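Okay, structure first, notes after.
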Amino acid sequence: MEKITLTIDGKEVTGIAGQTIMEVARENGFHIPHLCYHPKLSKTGACRLCIVRINNTMLKASCTEPVVSDMKVITEDEGIKSIRKWLLGLILMEGDHNCLYCDADGDCQLQAYVKTYEVEQSKEDFPVIEREIDYITSNAIKRNENRCILCGRCVRACKEIQVSNVWGLCERGSSTHLIADDDKKIGESTCVKCGTCVQYCPTGALTFQPVLGKGPNWELKKESSICIYCGVGCKIDFYTNKEGLLVKTMGHEDGPNDGHLCVKGRFGFDFVQSPKRLTKPLIKKEGQFQEVGWNEALDFVAQKLSAAKEQFGPDSIAGLSSAKCTNEENYVMQKFMRSVIGTNNIDHCARL
Ligand code: FES
Numbered sequence: 001m002e003k004i005t006l007t008i009d010g011k012e013v014t015g016i017a018g019q020t021i022m023e024v025a026r027e028n029g030f031h032i033p034h035l036c037y038h039p040k041l042s043k044t045g046a047c048r049l050c051i052v053r054i055n056n057t058m059l060k061a062s063c064t065e066p067v068v069s070d071m072k073v074i075t076e077d078e079g080i081k082s083i084r085k086w087l088l089g090l091i092l093m094e095g096d097h098n099c100l101y102c103d104a105d106g107d108c109q110l111q112a113y114v115k116t117y118e119v120e121q122s123k124e125d126f127p128v129i130e131r132e133i134d135y136i137t138s139n140a141i142k143r144n145e146n147r148c149i150l151c152g153r154c155v156r157a158c159k160e161i162q163v164s165n166v167w168g169l170c171e172r173g174s175s176t177h178l179i180a181d182d183d184k185k186i187g188e189s190t191c192v193k194c195g196t197c198v199q200y201c202p203t204g205a206l207t208f209q210p211v212l213g214k215g216p217n218w219e220l221k222k223e224s225s226i227c228i229y230c231g232v233g234c235k236i237d238f239y240t241n242k243e244g245l246l247v248k249t250m251g252h253e254d255g256p257n258d259g260h261l262c263v264k265g266r267f268g269f270d271f272v273q274s275p276k277r278l279t280k281p282l283i284k285k286e287g288q289f290q291e292v293g294w295n296e297a298l299d300f301v302a303q304k305l306s307a308a309k310e311q312f313g314p315d316s317i318a319g320l321s322s323a324k325c326t327n328e329e330n331y332v333m334q335k336f337m338r339s340v341i342g343t344n345n346i347d348h349c350a351r352l
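Counting in our numbering, the sequence shown runs from 1 upward without gaps.
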């Protein structure tokens, strides 16, 4: 692979032919503001916020511009700053970007840049098309197109990561807007509720329904763990609110799942805090389940298994293990069935 040497803000760095300025800059610890760019998606160069100055003259979108030997890149100067400010101002003019009542307040890339560049909402009279908010038809995703900046990240994420192709941009010019399938409500579309589009949305245009009303974004605490649903072992970031309630999950971008989650990992967490959840062993006594201690429960199981083995032989007993357990737990389970009980009747819920 051909190595390319260039300078970014005066520092000599090395990239590979075919890489963009944005990619080489990120690998070398530079932050270039961006909205439509996401490292896991194809590049469109739509928002132009990532402009950089090349060889002290031209301005180019760094997310699409390939690196060239001896290139001199400036990521920000006074001219670039004022263009970024102007671009952000244009975005604010279209749609409704009032953070006070936005679900993404505190977790919005647009908001962060508007604060960084001290952009003020323009008072100019700009004809804005008000779009209907869809917060009823899907219990997973809320769509508020008035907050959409047409970066197309949801469209590309749905197409390139989930491969569902639900989202699209239709019409032209200032009428351009986001549609699901052939302009359906989310709940009536072919959306599979994986939530990938929400994870990639840089504003409050697409948000998760379950988290709404459970506390502001800046109060949520993040913990990374592994999904408990199947053997893939997707890495998840779990978010809890001030009261300790689990309210949201996000795919952890550096996990084996590359940040992606299915509908179960994304939304199937309500059981964690369900009052119906079994947390203590139960033994049926006189026709009624009664809570008992672990020692009593384990002695009871051991006694019943021994009795069945003695009376009907080891093959009268079967064990069913679970994808929700760790590899080690599954190993111990099969070992127990084979070595202690003496049967090969051991299976796993993954084949049910
Ligand atoms: Fe490069 Fe949008 S981030 S054009």
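Beta carbons are placed, not taken as given, at the ideal position from N, Cα and C, and that holds for glycine. Owing to the predicted nature of the structure, the values given are computational and were not obtained by experimental measurement.
Would the beta-carbon of A25 fall within 8 Å of that of T75?
Residue numbering aside, residue 25 sits at position 25 when the sequence shown is read from its first letter. Residue numbering aside, residue 75 sits at position 75 when the sequence shown is read from its first letter. Taking C-beta atoms as the reference points, A25 and T75 count as a pair closer than 8 Å.
Check whether the Cβ of R153 lies closer than 7 Å to any heavy atom of the ligand FES, and answer yes or no.
Your numbering for residue 153 matches position 153 in the sequence shown. Not so, every heavy atom of the ligand FES lies at least 7 Å from the Cβ.
In terms of DSSP beta bridges, what is H177 paired with?
For the purposes of this step, residue 177 is taken as the residue at position 177 of the sequence shown. Within the DSSP bridge table, the entry for H177 names C170 as partners.
Whether C234 touches G268 by CB criterion (8 Å)
For the purposes of this step, residue 234 is identified with residue 234 of the sequence shown, where counting begins at 1. For the purposes of this step, residue 268 is identified with residue 268 of the sequence shown, where counting begins at 1. Judged by their CB atoms, C234 and G268 are not nearer to each other than the 8 Å cut-off.
Report buried or exposed for P275, applying the criterion of at least 16 other Cβ atoms within 10 angstroms of its Cβ.
The sequence position of residue 275 within the sequence shown is 275, counting from 1. Exposed.
Please tell me whether M71 and L6 are closer than 8 Å, where the distance is taken between their beta carbons.
Position 71 of the sequence shown, counted from the first residue, corresponds to residue 71. Position 6 of the sequence shown, counted from the first residue, corresponds to residue 6. Going by beta carbons, M71 and L6 fall inside the 8 Å limit.
Between C191 and E120, what straight-line distance do the alpha-carbon atoms span, to the nearest angstrom?
Locating residue 191 in the sequence shown gives position 191, counting from the first residue. Locating residue 120 in the sequence shown gives position 120, counting from the first residue. Counting only the Cα atoms, E120 lies some 36 Å from C191.
Shorter than 7 Å, the distance from the beta carbon of H34 to the closest heavy atom of the ligand FES, or not?
Position 34 of the sequence shown, counted from the start, is the residue given in the question as residue 34. Look at H34: its beta carbon is less than 7 Å from one of the heavy atoms in the ligand FES.
Which class does V163 belong to by DSSP, given the choice of helix, strand or coil?
Looking up residue 163 in the sequence shown gives position 163. DSSP places V163 in coil when its eight states are reduced to three.
Between D96 and R143, which are expected to be in contact by the criterion C-beta below 8 Å, what is the C-beta distance as a whole number of angstroms?
In the sequence shown, the residue the question calls residue 96 occupies position 96. In the sequence shown, the residue the question calls residue 143 occupies position 143. About 13 Å separates the beta carbon of D96 from that of R143, a gap too long to meet the 8 Å contact definition.
Does the ligand MN have even one heavy atom less than 7 Å from the beta-carbon of C50?
Here the bound small molecules are the ligand FES; the ligand MN is not part of this structure.
From the DSSP output, which residues share a beta bridge with E291?
For the purposes of this step, residue 291 is taken as residue 291 along the sequence shown, with counting starting at 1. According to DSSP, residue pairing for E291 in a beta bridge involves L282.
Kindly examine the ligand FES and report whether one of its heavy atoms sits closer than 7 Å to the Cβ of C63.
Here residue 63 refers to the residue found at position 63 of the sequence shown. The answer is yes for C63.
How would you label E62, buried or exposed, when you count the other beta carbons within 10 angstroms and need 16 or more for buried?
As a working note, residue 62 is residue 62 in the sequence shown. Looking at the sequence provided, one finds Ser at residue 62 rather than Glu. Buried, since its Cβ has 16 or more Cβ neighbours within 10 Å.
Where DSSP assigns a beta bridge to A61, which residues make up the other side?
As a first step, residue 61 must be located in the sequence shown, where it is residue number 61. For A61, which the question treats as bridged, DSSP gives the partners I51.
N-terminal and C-terminal residue of the beta strand (DSSP E) that E12 is part of:
Indexing the sequence shown from 1 puts residue 12 at position 12. The continuous beta strand (DSSP E) containing E12 extends over residues 11-16.
Could you check if A157 belongs to the surroundings of the ligand FES, using beta carbon to heavy atom distance under 7 Å?
Taking the sequence shown and counting its residues from 1, the one referred to as residue 157 is at position 157. No, the beta carbon of A157 sits no closer than 7 Å to any heavy atom of the ligand FES.
Nearest CA to the CA of A299: which residue from V166, I283, N217, G287?
As a working note, residue 299 is residue 299 in the sequence shown. A small correction: the amino acid at residue 299 is Asp; Ala does not occupy that position in the sequence shown. Cα-wise, what sits closest to D299 is I283.
For Q288 and K280, the rounded distance between their alpha carbons:
Here residue 280 refers to the residue found at position 280 when the sequence shown is read from its first residue. Here residue 288 refers to the residue found at position 288 when the sequence shown is read from its first residue. About 15 Å.
R355 in three-state terms, based on DSSP
Absent from the model: residue 355. The displayed extent of the chain is 1 to 352, so no value can be given.
Please determine if the stretch 196-213 and the stretch 152-162 are in contact, where contact requires at least 3 C-beta pairs separated by less than 8 Å.
By the Cβ test, the stretch 196-213 is in contact with the stretch 152-162, since at least three Cβ pairs between them sit closer than 8 Å.
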